[in-house]
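Structure, as structure tokens:
In our numbering, the protein residues as written are 12 to 417.
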């Protein structure tokens, strides 16, 4: 194409089209990011509420353990209830009148009131010395009511996250707009390619005037047009991506140790180094368990013969369960015994019916003097950060365990 006016018009149209496509991409990217931020906010609120429920269950189970201190765990339960109430209120502000979410949150509020009544009954049984009744209430009514709350929270979260998940549609439309702009750019570029021919020069005719006139010749001489093949995009040229071929992008989750977790670990290790009595040690071990998101923790140490291990410190297990824990032979086929024998951290992956676990050896210059075993919730035993935090706590606990040289 050789006419400069047509070339300029094509370039201007291309610039206008690219500008419109860029504006569309910018707007859709902004909407996609807003939806992603809203989804992340809802996920954080859901995690807060579920953690509060887990912490309240831990406090109720601790009521049953001898020497744990009812006042201490009652305060922990109150803290968990405050966090749970705050999280439910935050989720309700996100509901924006969505019927399914509001209905699920109402069910969660009703279950919360029942759950607080169950906790009062448990504490009443403990104060009156009715340990069996308290245990039945913890593992029957408490477990059932907390399960209703968790189910209601999950339903509310699903109802709220649905409208926020616009990332796939927006990303697909972005690809379509980008592909259309690229196709238009390729087409215009091909039309602007030089043809290798110039305008026909004027021809001076010497034939008689009656045989052929210049006007008639000029009317029959047609300008050259690009061949049909040159109008087809090259084989390797990018083509617009069909919507069906677009897959949603998912951000890779790189487990990392957050600053607050490192700070909490440092405080736990500092407190372990300064413990003066059993209560302080029990409190530090409980905070270490919550840091690891562990439902139960046992510190195993060898007996005098060095052939079996027995529990020295425990957290999160009722007294009835602790009395049923046998000694652990050195050659037994499980993660704790393997960590003792090999002095290497062992990880047991969670299944549909059992939680995951981590067994970390307590190492000193004389060798392995015990094992820190923890049942990890929510499948976090596979995270490098969880193993690292467990090893840090185990290293500090190893200093507290007496050895034969001591």
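Even for Gly, the Cβ is constructed at its ideal location relative to N, Cα and C.
When only Cα atoms are considered, residue 22 and residue 199 end up about 8 angstroms apart. Assignment of residue 347 by DSSP, reduced to helix, strand and coil, places it in the helix class. Where residue 151 is concerned, there is no enclosing alpha helix (DSSP H), because DSSP gives it neither an H nor an E. For residue 305, the enclosing beta strand (DSSP E) has its first and last residue at 305–313. For the 7 angstroms CB-CB criterion, residue 369 and residue 412 do not form a contact. By the neighbour-count criterion, in which a residue is buried when 16 or more other Cβ atoms sit within 10 angstroms of its Cβ, residue 126 is buried. In terms of Cβ geometry, residue 163 and residue 115 form a close pair [threshold 7 angstroms]. Non-local beta-carbon contacts of residue 336 in its own chain, meaning distances under 7 angstroms to residues more than five positions away in sequence, involve 322 in chain order. C-alpha of residue 352 to C-alpha of residue 73: approximately 31 angstroms in a straight line. Check the Cα spacing between residue 165 and each of 54, 94, 128 and 40: the tightest is with 54.
Counting along the chain, the unbroken beta strand (DSSP E) around residue 385 starts and ends at 378–387. Non-local C-beta neighbours of residue 203 in its own chain, meaning closer than 8 angstroms and more than five positions away in sequence, comprise 12, 18, 21 and 22, ordered along the chain. Between residue 192 and the set 33, 324 and 137, the nearest pair of CA atoms involves 33. Cβ contact annotation for residue 313 (same chain, cutoff 6 angstroms, sequence separation greater than five): 320, in chain order. Here the alpha carbon of residue 148 sits roughly 30 angstroms from the alpha carbon of residue 392. Counted as a single uninterrupted DSSP element, the stretch harbouring residue 100 is not any beta strand (DSSP E) but the alpha helix (DSSP H) occupying residues 81–106. Rounded to whole angstroms, the Cβ separation of residue 299 and residue 279 is 5 angstroms, and the two are in contact under 8 angstroms.
Under the DSSP assignment, residue 330 falls in the alpha helix (DSSP H) whose first and last residues are 330–334. The C-beta of residue 37 has fewer than 16 other C-beta atoms within 10 Å across all chains shown, which makes the residue exposed.
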